[in-house]
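The structure under discussion appears below in the form of structure tokens.
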Amino acid sequence: MTSTGPSENTKIIQGLELPPFRNFQEFLLETDRYERPPMNDFKKWNNRIISNLLYFQTNYFVTIISLFLIYTCFSSQDIFIGLIAIVSVAATLIFAVSTDANIKRLRTDHPLVTLGGIILVAYFFISVFQSVLVVVFALLFPVFLVLAHASFRLRGLANRAANVKEQLGIRTTVMGQILDRTGLNVRM
């Protein structure tokens, strides 16, 4: 169940793969595989985190989604209102900085309506800021747990072998793409 053969990877989109779900024993219960991160050697610590993120990525995605859904069950109203506020602010920002000719013309033809809309969205965002914080916590707390696990979990031989494929470009995974897009180079 822990082998990393290419046939076990799930193909998502052309050339993009999702490695198999690692078993619970390997993911959490092997207590001899945990150690305090090497805080005096940031390069080694960074390599450990990236290696674990790549190897356990399916487990991490499931963990993040599960914890977010569990938290949503307990605070569904705050999550819903907070998401509406965040989407409203994002839509307003996109509208305000858009270079599309039609949107520019709309902004210049109706400046008071545009200003009123921005003020209303800002007021709504501020009035439901507690719900926005609930959404931020519901998203970031699982990410914190994933990064903590990746920091404390030692790499194993299977972990290193699976990551060499990603580093050499033999396979491309979802986490590899996310790390590349955030500026963390996974390739050698």
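Sequential numbering from 1 applies to the sequence shown in the UniProt record's numbering.
Glycine included, C-beta positions come from ideal geometry on N, C-alpha and C.
Spanning the alpha carbons of V89 and H149 requires a straight line of approximately 33 Å. When rounded, the separation of the alpha-carbon atoms in L133 and Y123 is 16 Å. The DSSP-derived three-state label of R153 is strand. For L53, the enclosing alpha helix (DSSP H) stretches over residues 42-55. Residue pairing of T173 in beta bridges, as defined by DSSP: E17. Where F27 is concerned, there is no enclosing alpha helix (DSSP H), because DSSP gives it neither an H nor an E.
Comparing C-alpha distances from L16 to each of G183, V164, I178 shows the shortest one belongs to I178. Looking at the backbone, the Cα of V135 and that of F144 are separated by about 14 Å. Using a Cβ-Cβ distance cut-off of 8 Å, the segment 90-102 and the segment 47-60 are not in contact, since fewer than three pairs of beta carbons, one from each stretch, lie closer than that value. By the 16-neighbour rule on beta-carbons within 10 angstroms, S51 is buried.
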